[in-house]
Amino acid sequence: RKEVEQDPGPFNVPEGATVAFNCTYSNSASQSFFWYRQDCRKEPKLLMSVYSSGNEDGRFTAQLNRASQYISLLIRDSKLSDSATYLCVVNLLTGGGNKLTFGTGTQLKVEL
Amino acid sequence: DVKVTQSSRYLVKRTGEKVFLECVQDMDHENMFWYRQDPGLGLRLIYFSYDVKMKEKGDIPEGYSVSREKKERFSLILESASTNQTSMYLCASRSTGEQYFGPGTRLTVL
């Protein structure tokens, strides 16, 4: 089983739609969680951290369910500029320090 | 503004060549990482370093080595490049918070 699993998509949605991505992780000792965004031919960049109580940043809402070991990202009122790949990231504290494990990403295409 | 730079955006090498990929960060971060990214496989950790002269193997270290002689610089070395090492290589650095990536080096081994 992969450490972090995501549906690769693509999710093709019209502008203005609400879209949600889920991600599951296998290690229950995982400590912190993030969503990164990666545009085509660019490096990944942090979109938002995911907190236990859930958190919101504008049109983006992230949630964590530790019992079921999944995190989610909800995007409301999708914009063309939201088209990208969204990477689910899980942090585990190991003997060598903090280790981030990345999912393979979910591709979002927002269309007119 | 944090900056992670990589020595080349595109590199073409021949099988058997020794390849050096350089990464420099300007934020005094302790932790530095090398990943490769391949379609369908995502980002996979090759090596990381949490201090000068320290290094730890990641998930796929075979065929690679690293060097961290100065805090700001982390080098990835392919001792004898092979065609299956054709990939996008991403360097990253991190303190306690966000992990920042460099722009990537697309390496092609012929």
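Residue numbers (the working numbering), protein chains in the order written: chain A, 771 to 882; chain B, 2 to 111.
Even for Gly, the Cβ is constructed at its ideal location relative to N, Cα and C.
request  = Throw me the rounded Cβ distance for the B:S8 and B:E23 pair, which I believe falls under 8 Å.
outcome  = Against the second sequence, residue 8 of chain B aligns to sequence position 7. Against the second sequence, residue 23 of chain B aligns to sequence position 22. At roughly 4 Å, the Cβ-Cβ gap stays under 8 Å, so B:S8 and B:E23 are in contact.
request  = Would you kindly report the start and end of the unbroken beta strand (DSSP E) that includes A:K772?
outcome  = Looking up residue 772 of chain A in the first sequence gives position 2. Premise fails: A:K772 is in no beta strand (DSSP E) and is neither H nor E.
query = Anyone know if the C-beta pair for A:V860 and A:T871 falls short of 7 Å?
reply = One-based indexing of the first sequence puts residue 860 of chain A at position 90. One-based indexing of the first sequence puts residue 871 of chain A at position 101. The beta carbons of A:V860 and A:T871 sit closer together than 7 Å.
query = Using a Cβ cut-off of 7 Å, which residues of the stretch 77–105 of chain B contact any Cβ in chain A, in chain order?
reply = When C-beta distances to chain A are compared with 7 Å, the residues of the stretch 77–105 of chain B below that value are L91, E99, Q100, F102, G103, P104 and G105, in chain order.
inquiry  = So with CB distances below 8 Å, who are the chain A contacts of B:L42?
reply    = Residue 42 of chain B sits at position 41 when you count from the first residue of the second sequence. Within 8 Å Cβ-Cβ: T874.
key: chain A contact residues for B:Y65, given Cβ-Cβ distances below 8 Å   = For the purposes of this step, residue 65 of chain B is taken as residue 64 along the second sequence, with counting starting at 1. Close to B:Y65, with beta-carbon spacing below 8 Å, lies no residue of chain A; the smallest spacing is near 16 Å.
message = Going by DSSP, what residue range makes up the beta strand (DSSP E) through B:R37?
response = As a working note, residue 37 of chain B is residue 36 in the second sequence. Segment N32 to D39, the beta strand (DSSP E) holding B:R37.
request  = Indicate whether at least one CB of chain B lies closer than 7 Å to the CB of A:P784.
outcome  = Counted from its first residue, the first sequence places residue 784 of chain A at position 14. It does not; no Cβ of chain B falls within 7 Å.
query = Going along chain B in order, which residues have a C-beta closer than 8 Å to the C-beta of A:G867?
reply = Looking up residue 867 of chain A in the first sequence gives position 97. Contact note: A:G867 reaches chain B through N32, F49, Y51 and E57, using a C-beta cutoff of 8 Å and chain order.
Continuous beta strand (DSSP E) stretch holding A:C858: start and end = If you number the first sequence from 1, residue 858 of chain A lands on position 88. From DSSP, the beta strand (DSSP E) with A:C858 extends over A854 to T864.
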